[in-house]
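Written out below as structure tokens is the structure these notes cover.
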Amino acid sequence: MSAVAVVTGAASGIGRATALRLAREGHEIAMMDLDGAGLAETAGLIREAGGLARSFTVDLCDPLAVGSVTREIAVTVGAPEVLVNVAGIGLAATVLETSDADWNRVMAVNLTGPFLTIRAILPLMLDRGSGVIVNIASVGGQVGLASRAAYCASKAGLVGLTRAVAVDHAREGIRCVAVCPGTVETEWIGKILSNAPDPAAARAAMAARQLDGRMGSPEEVAAMVAFLAGPEGRFVNGAALVLDGGMTAA
Numbered sequence: 001m002s003a004v005a006v007v008t009g010a011a012s013g014i015g016r017a018t019a020l021r022l023a024r025e026g027h028e029i030a031m032m033d034l035d036g037a038g039l040a041e042t043a044g045l046i047r048e049a050g051g052l053a054r055s056f057t058v059d060l061c062d063p064l065a066v067g068s069v070t071r072e073i074a075v076t077v078g079a080p081e082v083l084v085n086v087a088g089i090g091l092a093a094t095v096l097e098t099s100d101a102d103w104n105r106v107m108a109v110n111l112t113g114p115f116l117t118i119r120a121i122l123p124l125m126l127d128r129g130s131g132v133i134v135n136i137a138s139v140g141g142q143v144g145l146a147s148r149a150a151y152c153a154s155k156a157g158l159v160g161l162t163r164a165v166a167v168d169h170a171r172e173g174i175r176c177v178a179v180c181p182g183t184v185e186t187e188w189i190g191k192i193l194s195n196a197p198d199p200a201a202a203r204a205a206m207a208a209r210q211l212d213g214r215m216g217s218p219e220e221v222a223a224m225v226a227f228l229a230g231p232e233g234r235f236v237n238g239a240a241l242v243l244d245g246g247m248t249a250a
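Going by the numbering used here, the first residue of the sequence shown is number 1, and it counts up by one from there.
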């Protein structure tokens, strides 16, 4: 029987790449996202490659909905051994440019959502005596980024939540790790570039942030998640691992 991995935000980008990679590693994938059409595409790609996938369209900010879907996953797919929280949103704004609604939305998706999925799924992991939780944070959770006040605060909070879960539950067989990517070429980045006055110049500037002059790929982040979710990642717990092409080294 395949180990079950729950991946949020699997409709696109890093979430899709993670779902595909974990399926290739032999996991049965239970995917959560608000984008049902995107989930269907990801599920199709997994099945084409011979993997197993189930899609659950859900508002990850709704406690009752997350609890209900978690119970459905436990019954129809199985108790998860791995949870990867990828779902997230960005906001380009300083503190003075951030409305109450903007702040609340970023916090709801980027921090409350992972809290809700962890709270729902962790008891199932504790019952089986083991589990791995990987939270996709950001370099913005480690350093300040210009015009990203709410985003940085939410991702720093996610790193703190990661460490707290690890401290509380390591002796019960739980590992909880944050992955902090730098600039990764996702659909979200594509939208930012397409809306820039000079997309080519904006792309070049984003690429130049990395020491080797290129953005990361969703697949590179997914590869780190797969390592952490597997037995070779056993000694990694409570850490915030930076994958940024050296962006924060200079």
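Idealized CB from N, CA, C, for every residue including glycine.
Measuring alpha carbon to alpha carbon, tell me which of the options ends up nearest residue i.
i    : options                : result
A5   : D33, V77, A65          : V77
N253 : G216, A208, G173       : What is shown of the chain runs 1 to 250, which leaves residue 253 out entirely.
R47  : L20, F56, F227         : L20
G88  : L158, M247, A229, V177 : L158
E187 : A170, G160, M215, P197 : M215
A164 : V82, L22, R128, C176   : C176
L34  : G129, V69, A226, A223  : V69
G131 : I14, P231, G190        : P231
T162 : L22, S138, T94         : S138
I need the DSSP call for residue i, collapsed to helix, strand or coil.
i    : result
S55  : strand
G50  : coil
N271 : The question about residue 271 has no answer, for the chain in this structure spans 1 to 250.
G160 : helix
M247 : coil
A36  : For the record, residue 36 in the displayed sequence is Gly; it is not Ala. Looking at G36 - three-state DSSP - the assignment turns out to be helix.
Quick one: give me the first and last residue of the alpha helix (DSSP H) that residue i is part of.
i    : result
A222 : 218–229
A207 : 199–208
D62  : Where D62 is concerned, there is no enclosing alpha helix (DSSP H), given that its DSSP letter is neither H nor E.
Can you check DSSP and say which residues form a bridge with residue i?
i    : result
R175 : V132
T8   : M32
V86  : None, per the DSSP bridge assignment.
Are the region 191–208 and the region 102–117 touching, with three or more C-beta to C-beta distances below 8 Å? Inter-segment contact for the region 191–208 and the region 102–117 is absent: fewer than three beta-carbon pairs are separated by less than 8 Å.
- Task: Evaluate the contact criterion for the region 135–153 versus the region 119–126: three or more CB pairs, one atom per stretch, below 8 Å.
- Result: The region 135–153 is not in contact with the region 119–126.
Quiz item: Would you call the region 93–100 and the region 26–39 in contact, with 3 or more CB pairs under 8 Å?
Solution: The way I'd put it, the region 93–100 doesn't touch the region 26–39; fewer than three beta-carbon pairs between them come closer than 8 Å.
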